[in-house]
Amino acid sequence: MRRKFTASKQDAGQRLDLFLAGKLPELSRARIQQLLSQGKVTLAHAFPNPESRVPSPVSRAGYRLRGGERITITVEPVAPLRALPEALPLDILYEDEDLVAINKPAGMVMHLGAGVKSGTLVNALVHHFRELSHVGGELRPGIVHRLDKDTSGVVLVAKNDVTHRELSKRFAKRVVEKHYLALVHGSPRQAEGVIREAIGRDPKRRTLMATRASGGRPAVSIYRVLRRYKGFALLDVRILTGRTHQVRVHLASIGHPVVGDTLYGAPSGLPPELLRGRAASGLPAASRAAPPSSRRTRKREMSDRVPTLNRNFLHSERIRFTHPRTGLPLEIRAPVPADLAEFLDCLIPVA
Numbered sequence: 000m001r002r003k004f005t006a007s008k009q010d011a012g013q014r015l016d017l018f019l020a021g022k023l024p025e026l027s028r029a030r031i032q033q034l035l036s037q038g039k040v041t042l043a044h045a046f047p048n049p050e051s052r053v054p055s056p057v058s059r060a061g062y063r064l065r066g067g068e069r070i071t072i073t074v075e076p077v078a079p080l081r082a083l084p085e086a087l088p089l090d091i092l093y094e095d096e097d098l099v100a101i102n103k104p105a106g107m108v109m110h111l112g113a114g115v116k117s118g119t120l121v122n123a124l125v126h127h128f129r130e131l132s133h134v135g136g137e138l139r140p141g142i143v144h145r146l147d148k149d150t151s152g153v154v155l156v157a158k159n160d161v162t163h164r165e166l167s168k169r170f171a172k173r174v175v176e177k178h179y180l181a182l183v184h185g186s187p188r189q190a191e192g193v194i195r196e197a198i199g200r201d202p203k204r205r206t207l208m209a210t211r212a213s214g215g216r217p218a219v220s221i222y223r224v225l226r227r228y229k230g231f232a233l234l235d236v237r238i239l240t241g242r243t244h245q246v247r248v249h250l251a252s253i254g255h256p257v258v259g260d261t262l263y264g265a266p267s268g269l270p271p272e273l274l275r276g277r278a279a280s281g282l283p284a285a286s287r288a289a290p291p292s293s294r295r296t297r298k299r300e301m302s303d304r305v306p307t308l309n310r311n312f313l314h315s316e317r318i319r320f321t322h323p324r325t326g327l328p329l330e331i332r333a334p335v336p337a338d339l340a341e342f343l344d345c346l347i348p349v350a
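Numbering-wise, the sequence shown is residues 0 to 350 according to numbering that gives the first Met the number 0.
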């Protein structure tokens, strides 16, 4: 498909990719930038010089229009994505004829999307279950709500459209209780607190979210300190709204980013003095009474004993709601994953 446009004087100064995004709302900016890089966009200037009137490929998304340019974009039809069944393991926490609760592992993407064509939770769902709701479309069968890729824990999946719609209503009315376990840097002064900060796109980093005084959507998180450690605190966080990256953004906004979440301000490394290693938290006394060694050797031994956390310390620990069909209260819990439990075991508790 070939589309042609002419930039007006009012368009002068506008970026080419933004101009095309306004003309072609069905295409994402990422898709437009991809077409630019592939030479699928040509531009001819309306200047007296005859050579400038010859269409030539333009690849710079940030090209500033001058007005009068004739722009041609060629869009090849893209084969629609389909969620193909894959025999991926699922940890099923609860199941009945209407819904399923899955314990999603960290590292698994929820559904297909840009650059993700396999290995998702949806691929596993269509393999394991014959019936799933279709309210979310072909790419998100059964998906009622989402977790970030690096967040583990409880996810609700609807088997039919009636259940899906009823659960969605409960989420919208904020009567579904969602609790997360989060380990944060530092320790909040108050044992409990409420964060009421609107969340919207970060104006400088468009792939991230940020608290916004204007232009954001209302968001509320309630936290409670479960345990304090040297340099850290383990929190229970209940979210009353379901904004993208809400827990991560809210905790970072009060100066306590989630451990491992470098995108929202967490340091990339952890000071050794904040970790005690497994030797101090469970090994026999005889093992701890080894002859003294050099400082370099002790440091290497400590790093060998401390498990590496290759993701954010954020876990969807439990969810509580009334069953859409029976009306009975239902609470589903996901056990703390082994990698998070081992990491906690290496921290130094504070009374």
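Ideal Cβ positions, reconstructed from N, Cα and C, are used throughout, including at glycine. These numbers come from a predicted model, not from an experiment.
Status (buried if at least 16 other CB within 10 Å, exposed otherwise) for P24: exposed
Given 8 Å, three or more beta-carbon pairs between the stretch 114-125 and the stretch 53-67: no
Simplified DSSP assignment, three categories, for H255: coil
Residue from R275, R227 and N311 whose Cα sits closest to the Cα of S267: N311
Extent of the continuous alpha helix (DSSP H) to which E68 belongs: Element bounds for E68: n/a, residue is neither H nor E.
Length of the line joining the Cα atoms of L92 and E316: 12 Å
C-beta atoms of V57 and L15 nearer than 8 Å: yes
Cutoff 6 Å; reference G215; Cβ partners in own chain excluding five residues on either side: A197, I198 and G199
8 Å contact criterion, which L180 and V335 should meet: CB distance rounded: 7 Å
DSSP-derived helix/strand/coil call for I31: helix
For A265 and A337, the rounded distance between their alpha carbons: 22 Å
Secondary structure of D235, DSSP reduced to three states: strand
Helix, strand or coil at K39 [DSSP, three-state]: coil
Cβ neighbour criterion (16 or more within 10 Å) applied to G12: exposed
8 Å contact criterion, which L124 and P140 should meet: CB distance rounded: 7 Å
Chain-order list of residues whose beta-carbon lies under 7 Å from that of R195 (same chain, five-residue window excluded): V219
Pair within 8 Å by beta-carbon distance, T5 and R65: no
Three-pair Cβ contact test at 8 Å for the stretch 245-259 versus the stretch 174-194: yes
Beta-carbon proximity check, L34 vs S55, cutoff 8 Å: no
Inter-residue Cα distance where the pair is G67 and S7: 5 Å
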